[in-house]
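In our numbering, the protein residues as written are 97 to 289.
We put the CB at the ideal spot given by N, CA and C, even for glycine.
Please read the structure below before turning to the comments.
Spelled out as structure tokens, the structure:
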């Protein structure tokens, strides 16, 4: 499986590039300012027909915004290259573009995820065999279940935005729920939560 990092989204899919604006405060006046206004880097997973863009991450909940501690923590996390799908003890905002007919990668994160379909059509696939086709504006609350995402279109790209937050350890049917990367093992870094 190949893994190419791209600096712009245009080389990955035809969907509109994402501008990330991060606000902050002017330290003298206290007024709101734009701290950063950038196009984000994408990480391509061609064998899985998708690309990831980490918009932001935190490593604590609640987030520590004092003296821009959250900005420094996000920068350090991204620079470390160790961010998995979930940030242990924190949150991750990630955008994923799915190629037409992408292969579904069934996996589990030990997290509470909010997924919003931004463009196109996405099919949610659960390990029980249940499937649900979702369209633009639909929202999935994914609660540490075995799941995967497929783009059923033969021609159109799809985009989802996810907010993942770490959760407390728990058991289901007498078994501890743990992260299971499935076909993404060795491609996506483990979260370690």
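In the structure shown, the three-state DSSP call for residue 149 is strand. Ranked by Cα distance from residue 118, the options 197, 108, 135 and 109 are led by 135. Its chain contains 192, 193, 194, 195 and 198 as the residues whose beta carbon lies nearer than 7 Å to that of residue 146, once the 5 sequence neighbours on both sides are disregarded; these appear in chain order.
If you check the CB distance, residue 214 and residue 239 do not come in under 8 Å. Excluding residues up to 5 positions away in sequence, 205, 207, 260, 262, 287 and 289 lie with their Cβ nearer than 6 Å to the Cβ of residue 182 in the same chain. Taking a 10 Å sphere around the C-beta of residue 209, we find 16 or more other C-beta atoms and assign the residue as buried. Scanning its chain for C-beta atoms nearer than 8 Å, with the 5 sequence neighbours on each side dropped, one finds around residue 253 the residues 109, 110, 111, 193, 194, 195, 196, 215, 216 and 247, in chain order. For residue 156, DSSP assigns no beta-bridge partner whatsoever.
For residue 144, no beta strand (DSSP E) encloses it, and the DSSP letter there is neither H nor E. Membership of residue 214 in the beta strand (DSSP E) is indicated by the continuous run 207-215.
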